[in-house]
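J.:
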Amino acid sequence: MSNTSNDQYYVPHLARWPIVGSIGMTLTAVGAATFMNSETATTPVLMYLGFAVIIFMVFGWFAEVIKESENNVYNAQVDTSFRMGMVWFIFSEVMFFACFFGALWYVRNMSVPWLGGEGTGLFTNSELWAGYEGVWPTNGPGDIGGKFELIDPYHLPLVNTILLMASSITLTIAHHALVDGARKKVIGWLIATVVLGAAFLFFQVEEYIEAYQHLDLTLRSGIYGSTFFMLTGFHGMHVTLGAIMLTVITIRMIRGHFKPESHFGFEAVAWYWHFVDVVWLGLFIFVYII
Amino acid sequence: MSHAAVATHDHDHDHKPKGFVKRWLMTTNHKDIGTLYLIFALTMFIFGGALAMIIRLELFQPGLQFVQPDFFNQLTTMHALIMVFGAVMPAFVGFANWMIPIMIGAPDMALPRMNNWSFWILPFAFTMLASTFFMDGGAPAAGWTLYPPLVLQGGQNLAYAVFAIHMLGISSIMGAINVIATIMNMRAPNMGYLKMPLFVWTWLITAFLLIAVMPVFAGAVTMLLTDHYFGTSFFNAAGGGDPVLFQHIFWFFGHPEVYIMILPSFGIFSEIIPTFARKPLFGYVSMVYASAAIAFLSFIVWAHHMFSVGMPFGGELYFMYATMLISIPTGVKVFNWVSTMWKGAMTFETPMLWAIAFVILFTIGGFSGLMMAIAPVDFQYHDTYFIVAHFHYVLVSGSVFAIIAGVYYWIPKWTGNMYSERLGKIHFWWSAISINVLFFPQHFLGLAGMPRRIPDYSTQFAEFNMWSSIGGFAFGLAQIFFIIIVIRTIKGKGTTKATDRVWEGAKGLEWFIPSPAPHHTFQDGEAVKDEQLAHVSTH
Numbered sequence: 001m002s003n004t005s006n007d008q009y010y011v012p013h014l015a016r017w018p019i020v021g022s023i024g025m026t027l028t029a030v031g032a033a034t035f036m037n038s039e040t041a042t043t044p045v046l047m048y049l050g051f052a053v054i055i056f057m058v059f060g061w062f063a064e065v066i067k068e069s070e071n072n073v074y075n076a077q078v079d080t081s082f083r084m085g086m087v088w089f090i091f092s093e094v095m096f097f098a099c100f101f102g103a104l105w106y107v108r109n110m111s112v113p114w115l116g117g118e119g120t121g122l123f124t125n126s127e128l129w130a131g132y133e134g135v136w137p138t139n140g141p142g143d144i145g146g147k148f149e150l151i152d153p154y155h156l157p158l159v160n161t162i163l164l165m166a167s168s169i170t171l172t173i174a175h176h177a178l179v180d181g182a183r184k185k186v187i188g189w190l191i192a193t194v195v196l197g198a199a200f201l202f203f204q205v206e207e208y209i210e211a212y213q214h215l216d217l218t219l220r221s222g223i224y225g226s227t228f229f230m231l232t233g234f235h236g237m238h239v240t241l242g243a244i245m246l247t248v249i250t251i252r253m254i255r256g257h258f259k260p261e262s263h264f265g266f267e268a269v270a271w272y273w274h275f276v277d278v279v280w281l282g283l284f285i286f287v288y289i290i
Numbered sequence: 291m292s293h294a295a296v297a298t299h300d301h302d303h304d305h306k307p308k309g310f311v312k313r314w315l316m317t318t319n320h321k322d323i324g325t326l327y328l329i330f331a332l333t334m335f336i337f338g339g340a341l342a343m344i345i346r347l348e349l350f351q352p353g354l355q356f357v358q359p360d361f362f363n364q365l366t367t368m369h370a371l372i373m374v375f376g377a378v379m380p381a382f383v384g385f386a387n388w389m390i391p392i393m394i395g396a397p398d399m400a401l402p403r404m405n406n407w408s409f410w411i412l413p414f415a416f417t418m419l420a421s422t423f424f425m426d427g428g429a430p431a432a433g434w435t436l437y438p439p440l441v442l443q444g445g446q447n448l449a450y451a452v453f454a455i456h457m458l459g460i461s462s463i464m465g466a467i468n469v470i471a472t473i474m475n476m477r478a479p480n481m482g483y484l485k486m487p488l489f490v491w492t493w494l495i496t497a498f499l500l501i502a503v504m505p506v507f508a509g510a511v512t513m514l515l516t517d518h519y520f521g522t523s524f525f526n527a528a529g530g531g532d533p534v535l536f537q538h539i540f541w542f543f544g545h546p547e548v549y550i551m552i553l554p555s556f557g558i559f560s561e562i563i564p565t566f567a568r569k570p571l572f573g574y575v576s577m578v579y580a581s582a583a584i585a586f587l588s589f590i591v592w593a594h595h596m597f598s599v600g601m602p603f604g605g606e607l608y609f610m611y612a613t614m615l616i617s618i619p620t621g622v623k624v625f626n627w628v629s630t631m632w633k634g635a636m637t638f639e640t641p642m643l644w645a646i647a648f649v650i651l652f653t654i655g656g657f658s659g660l661m662m663a664i665a666p667v668d669f670q671y672h673d674t675y676f677i678v679a680h681f682h683y684v685l686v687s688g689s690v691f692a693i694i695a696g697v698y699y700w701i702p703k704w705t706g707n708m709y710s711e712r713l714g715k716i717h718f719w720w721s722a723i724s725i726n727v728l729f730f731p732q733h734f735l736g737l738a739g740m741p742r743r744i745p746d747y748s749t750q751f752a753e754f755n756m757w758s759s760i761g762g763f764a765f766g767l768a769q770i771f772f773i774i775i776v777i778r779t780i781k782g783k784g785t786t787k788a789t790d791r792v793w794e795g796a797k798g799l800e801w802f803i804p805s806p807a808p809h810h811t812f813q814d815g816e817a818v819k820d821e822q823l824a825h826v827s828t829h
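Chains as they are written, first to last, in the numbering used here: chain A, 1 to 290; chain B, 291 to 829.
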């Protein structure tokens with residue numbers, strides 16, 4: 001099939017990478033599961049191997065798509081399919097976070113007050129957990145994980161909020177510059193975005209160190225520790241992924257990819273970055289402040 | 291599109307990749323991927339069915355004869371997980387892959403490489419899940435609902451099961467994204483939304499449900515994983531968590547999930563019934579709205595699975611009334627199917643027989659659902675064989691019947707061979723009678739108080755259990771017979787060549803291409819002609 005005709009919807013003939021991805025995924029899963037169940041293993045070798053295979057797959061697959069894209073194989077209709085794919089992928093991520101935010105809402109407004117004797121929890125409280133107040137933040141009536149202190153929202157988290165908000169702005173400036181065809185400006189603002197993202201991650205790690213070493217706040221600190229670390233942890237992973245994606249499009253910009261009128265890869269990363277930004281706002285309000 | 295044009299296409303573009311690896315492992319063709327999904331689903335159907343046979347064997351008589359209680363729990367759990375995620379869902383995705391691009395005049399699915407990946411995750415995930423049978427502590431045994439704290443007290447299987455579910459979720463989400471992108475972006479010119487076949491409509495809605503709830507399920511099992519291995523307290527009351535929290539999250543996924551398994555089935559029967567009634571589907575637009583309404587309601591009724599767990603009184607009332615609302619759009623559908631048949635020039639080929647049986651048996655399943663929606667009486671039914679009877683009436687005579695009917699309806703198009711009508715009818719009557727022998731007595735068992743998920747029971751339940759088991763073995767055997775019919779049709783043994791139209795009353799694009807369907811269809815982006823379509827709504 002000729003690969004320059006732009007009037008037909010491009011249907012690739014072979015997909016070499018999915019099976020590699022499946023193998024990588026399975027190695028990761030089996031490696032992680034074996035490691036978790038093992039009492040002696042110290043390094044999940046198989047899991048790391050799986051990660052390596054997945055990274056290999058992602059590079060290979062994306063390289064193929066980028067090559068096709070740069071050779072103008074894709075017409076506007078293919079572009080629309082990619083856009084829809086990204087939008088609905090981000091929607092699935094929204095629902096994943098909604099699950100954890102929902103859990104946070106439920107324990108704060110339902111189960112913790114019940115344990116404290118509210119509503120139908122009267123006898124639960126008096127018979128099982130007498131004296132438990134049921135006030136947030138809590139590690140439960142069993143004091144799971146021991147006494148802990150909270151992160152002050154107006155120090156590192158506030159700095160991180162400002163960093164991420166700023167990174168969304170720098171990314172938008174870069175996007176506008178791309179549409180205007182000012183490529184050097186784009187690269188500059190993209191680098192600024194990556195630096196802001198990296199700074200965010202640095203402070204997030206700092207915050208975790210402080211929590212573990214000085215505040216005794218750990219993943220095991222009852223329901224507060226569970227919701228705190230799972231929500232901020234999954235967010236941190238998404239920021240990491242987003243920062244890697246931003247780095248990739250920065251390199252692609254430097255190599256001369258993307259056109260003012262057609263730059264879906266750039267936009268997809270931008271959408272993703274704004275999405276992790278919005279999730280952070282939710283975290284800042286519902287996990288740190290309130 | 292004229293026949294001549296298609297024939298030239300056939301000649302020009304029917305080059306299938308050579309060799310097994312390129313043809314199947316690296317395929318991007320929606321028909322080949324659809325075939326892979328369907329074969330995989332059939333394999334899992336036999337696997338899950340074999341587990342069910344052991345269950346019915348053990349329950350044939352009271353007392354423990356064949357399996358130990360713990361293994362029995364593994365059987366019920368794995369039977370459900372495999373049937374839901376391995377058989378029914380992949381089968382419907384197989385239909386979606388095969389039929390949606392053809393039905394809307396698209397060259398292929400919108401994202402063909404990702405389509406390949408959606409499928410090729412499944413065999414790996416299920417191998418991993420099935421391997422738990424051989425581990426210390428065996429397979430998951432807390433029921434497919436995976437309720438804590440019980441599920442956290444099992445053996446090594448939890449991590450493998452959780453990761454398998456993650457992989458299935460990734461596969462489903464990618465598949466659903468592909469369906470949405472295909473339907474919204476790949477329709478041929480003149481294929482408006484309200485001209486789409488109802489199967490396409492129901493799958494569009496199903497895909498939204500999948501993307502919305504599979505991540506929630508992933509989140510729920512992730513919490514199980516961290517509770518078990520990393521010391522979090524999501525479902526531990528001592529740490530301030532709540533085991534009931536899991537039930538809420540699970541059923542927020544689980545209730546839409548049951549509609550994920552039934553909406554495509556509504557779509558398939560909405561194709562079959564008009565064809566053999568030789569009348570357009572009655573109330574096409576209302577069918578679309580009813581499907582959307584069912585999907586919307588599925589998000590706000592989840593706690594009716596938890597009436598007996600202890601909820602605030604207002605919650606019980608709300609979830610009871612909200613659940614009853616579902617019977618309105620579902621009733622619209624049932625009446626529309628019946629009205630389509632009303633005064634139609636009906637014939638009773640095999641797919642139509644399954645469709646009629648579906649309308650009747652699914653309605654029975656719907657009614658028992660309505661009974662359980664009444665919170666106070668559900669306290670009696672909860673966790674008894676009544677619920678087992680209910681969800682098998684909707685899932686077997688709903689979803690599985692749709693899959694079987696769909697195979698009979700479209701297999702002439704897929705293979706170019708007409709299946710044996712005589713064998714098909716034998717398969718139907720064999721299944722339709724045995725399924726009622728299998729599941730109807732379970733209503734009585736449940737009302738009399740026999741709990742579900744037990745390997746042994748009091749002697750007063752013996753007779754109905756024996757009948758149920760006999761029905762079960764007969765139904766299982768009938769499906770082996772089905773496989774023989776399918777293989778004979780593929781090989782063209784004792785069959786006739788199918789015409790392009792296949793069914794006299796059939797309308798829709800798939801009946802205007804050759805049988806078997808060429809490897810590539812619709813490459814020109816040619817406009818669809820209204821007279822080829824079943825529904826041209828003037829809405």
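Yeah, the Cβ is synthetic: ideal placement off N, Cα and C, and Gly gets one too.
No experiment lies behind these values; they were computed from the predicted model shown.
Does DSSP classify B:K787 as helix, strand or coil?
T.: strand
J.: Taking C-beta to C-beta, are A:T310 and A:V135 nearer than 9 Å?
T.: Here chain A covers residues 1 to 290 and nothing more, so residue 310 of chain A does not appear.
J.: Smallest Cα separation from B:D353: which of B:V792, B:V776, B:T749 and B:K819?
T.: The question names Asp, yet the displayed sequence has Gly at residue 353 of chain B. Measuring from the Cα of B:G353, the nearest candidate turns out to be B:T749.
J.: In the DSSP assignment, the alpha helix (DSSP H) including B:I336 goes from what residue to what residue?
T.: H320 to E348
J.: Any C-beta of chain A within less than 8 Å: which residues of the segment 521-535 of chain B qualify?
T.: G521, T522, S523, F524, N526, A527, A528, G529, G530, G531, D532, V534 and L535
J.: Less than 7 Å between C-beta atoms, sequence neighbours within five positions excluded: which residues of the same chain meet that for B:L737?
T.: F676
J.: Could you tell me if A:T40 is buried or exposed, where buried requires 16 or more neighbouring beta carbons within 10 angstroms of its beta carbon?
T.: Classification for A:T40: exposed.
J.: Which chain B residues sit within Cβ distance under 7 Å of A:N37?
T.: Q446 and A449
J.: In chain order, what residues of the same chain lie with their CB nearer than 7 Å to the CB of A:F51, ignoring the 5 residues before and after it?
T.: T28
J.: Are at least three pairs of beta-carbons, each pair with one atom in the segment 567-585 of chain B and one in the segment 615-623 of chain B, less than 8 Å apart?
T.: yes
J.: Any residues in the segment 219-242 of chain A with a beta carbon nearer than 9 Å to a beta carbon of chain B? Which ones, in chain order?
T.: Taking 9 Å as the upper bound on Cβ-Cβ separation, chain B lies near residues L219, R220, S221, G222, I223, Y224, G225, S226, T227, F229, M230 and F234 of the segment 219-242 of chain A.
J.: Taking its Cβ as the centre, do 16 or more other Cβ atoms sit within 10 Å of B:K797, making it buried, or is it exposed?
T.: It counts as buried.
J.: Quick check on the DSSP output: the alpha helix (DSSP H) that includes B:I460 runs from which residue to which?
T.: Where B:I460 is concerned, the enclosing alpha helix (DSSP H) stretches over N447 to N475.
J.: Which runs of the alpha helix (DSSP H), 4 residues or longer, sit entirely within the segment 623-701 of chain B?
T.: Taking only runs of at least 4 residues, the alpha helix (DSSP H) segments lying wholly in the segment 623-701 of chain B are 640-663, 665-671 and 675-684.
J.: Quick one: what's got a C-beta closer than 6 Å to B:M481's C-beta in the same chain, skipping five residues either side?
T.: Only I394, G395 and V818 meet the Cβ criterion.
J.: Please give the ranges of any beta strand (DSSP E) in the segment 706-759 of chain B, keeping only runs that are unbroken, at least 3 residues long and fully inside the region.
T.: Taking 3 residues as the shortest admissible run, the segment 706-759 of chain B contains no complete beta strand (DSSP E) segment at all.
J.: When burial is assigned at 16 or more other CB atoms within 10 Å of the CB, is A:S126 buried or exposed?
T.: exposed
J.: Are any of the Cβ atoms in chain B nearer than 9 Å to that of A:Q213?
T.: no
J.: Kindly give me the distance between the Cβ atoms of B:G762 and B:A342, rounded to whole angstroms, as I take these residues to be in contact under 8 Å.
T.: Contact between B:G762 and B:A342 holds: CB atoms are separated by about 7 Å, below the 8 Å threshold.
J.: When the distance is taken between beta carbons, is A:V53 closer than 9 Å to A:V20?
T.: yes
J.: Fully enclosed by the segment 110-140 of chain A, which alpha helix (DSSP H) runs are 4 residues long or longer?
T.: As for any alpha helix (DSSP H) of minimum length 4 sitting wholly inside the segment 110-140 of chain A, the runs are 112-115, ordered along the chain.
J.: Compile a chain-ordered list of the residues in the segment 464-482 of chain B whose CB is closer than 7 Å to at least one CB of chain A.
T.: Answer in chain order: I467, I470, A471, M474 and N475.
J.: Please state whether the Cβ-Cβ distance between B:M379 and B:I390 is less than 9 Å.
T.: no
J.: Do the segment 485-502 of chain B and the segment 400-407 of chain B touch if we need at least three Cβ pairs shorter than 8 Å?
T.: no
J.: Ignoring anything shorter than 3 residues or poking outside the segment 539-609 of chain B, list the beta strand (DSSP E) runs there in chain order.
T.: Fully enclosed beta strand (DSSP E) runs of 3 or longer: not present.
J.: Which first and last residues belong to the alpha helix (DSSP H) in which B:Q822 is found?
T.: Per DSSP, B:Q822 belongs to no alpha helix (DSSP H) and is neither H nor E.
J.: Helix, strand or coil for A:S262, going by three-state DSSP, please let me know.
T.: strand
J.: Cβ closer than 9 Å: which chain A residues qualify as neighbours of B:D398?
T.: Y9 and V11
J.: CA-CA distance, B:F375 and A:N72?
T.: 39 Å
J.: Please name the residue in B:K312, B:E711, B:H810 and B:E800 whose C-alpha comes closest to that of B:K784.
T.: Residue 784 of chain B is actually Gly in this sequence, not Lys. The option with the nearest alpha carbon to B:G784 is B:E711.
J.: What residues in the segment 111-142 of chain A have a beta carbon less than 7 Å from any beta carbon of chain B?
T.: S111, V112, L115, G119, T120, T138, N139, G140, P141 and G142
J.: Per DSSP, what kind of secondary structure is B:Y519 in: helix, strand or coil?
T.: helix
J.: Tell me which residues of the segment 405-416 of chain B have at least one Cβ-Cβ distance to chain A shorter than 7 Å, keeping chain order.
T.: Cβ contacts with chain A: N406, W407, W410, I411 and F414.
J.: Can you name the residues of chain B whose CB is closer than 7 Å to the CB of A:P18?
T.: R403, N406, W407 and W410
J.: Ends of the alpha helix (DSSP H) at A:L27?
T.: W17 to N37
J.: What is the residue span of the alpha helix (DSSP H) that B:K797 lies within?
T.: It is not in any alpha helix (DSSP H) - B:K797 carries neither H nor E in the DSSP assignment.
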